[in-house]
Amino acid sequence: MATEPNEPKSRYRQYLEVVTGPLEDKKRWRRYKARIRALPENYRTAVEALERYLMHFGPGDGADAASMFEDLADLFEQSAADGTPIREIFGEDPVEFVEAFVQNYSVGRYISRERERFTSAIERAAGEEDRRV
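First residue of the sequence shown: 46, per this note's numbering; consecutive thereafter.
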C-alpha cells in the first residue's frame with residue numbers, strides 16, 4: 046500500500062488519510078515509540094513524562110510534532126549512550142527545559158489560529174482594530 050512521493054494515491058488511501066491522518070505520520074510515530082522502548086528504564090520514564098506534557102502543550106501539527114519527538118528521541122539516545130544523568134539533561138526546572146525545547150518548533154495550525162483569533166478579539170474589545178497594519 047506504500048506509494049512513492051510522486052505516485053498518485055488510490056482513492057481508498059485518500060479516504061483513509063482523510064479519516065485517520067497521513068499514514069507516514071503514523072509510521073514516524075511508531076518508529077519513535079520503538080526508539081523510546083529501547084532506552085534504559087530511567088530515560089524511558091523521563092521521556093514518557095515529557096511526552097505526556099508535550100501532548101498537552103507542544104506543537105499540534107503532525108509534521109512539527111513528529112520532528113520534535115524524533116529530536117527528543119535523538120537527545121535521549123545520545124544522553125543514555127553518554128551516561129548523562131537525567132537531572133543534568135533537564136536542569137533544576139523541568140518545565141523550563143521543556144518550554145525552551147518547544148520554542149524550537151512552530152505551534153500547530155490550530156493553536157496559531159486560536160491565538161490570532163484571541164488577539165483579534167481583545168483588540169476589537171479594546172477598540173484597537175484600526176491600529177493593525
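C-beta atoms are modelled at their ideal positions from N, C-alpha and C, and glycine is treated no differently.
The three-state secondary structure of ALA110, taken from DSSP, is helix. Cβ neighbours of PRO85 within its own chain (closer than 8 Å, five residues either side excluded): ALA125. ASP119 places its beta carbon 9 Å or farther from that of ASN149. By the neighbour-count definition (other C-beta atoms within 10 Å, threshold 16), ALA110 is a buried residue. For PHE114, same chain residues with a beta-carbon under 6 Å away, outside a window of 5 residues either side, are TYR77 in chain order.
Going by DSSP, PRO139 is part of the alpha helix (DSSP H) stretching over 139 to 147. Per DSSP, the continuous alpha helix (DSSP H) segment holding ALA94 begins and ends at 86 to 102.
The C-alpha of PHE142 lies about 6 Å from the C-alpha of PHE135.
The beta carbons of ARG82 and ARG89 sit closer together than 9 Å. Excluding its 5 nearest sequence neighbours in each direction, VAL92 has C-beta neighbours in its own chain below 7 Å: ILE81, LEU84, LEU117 and PHE121, listed in chain order.
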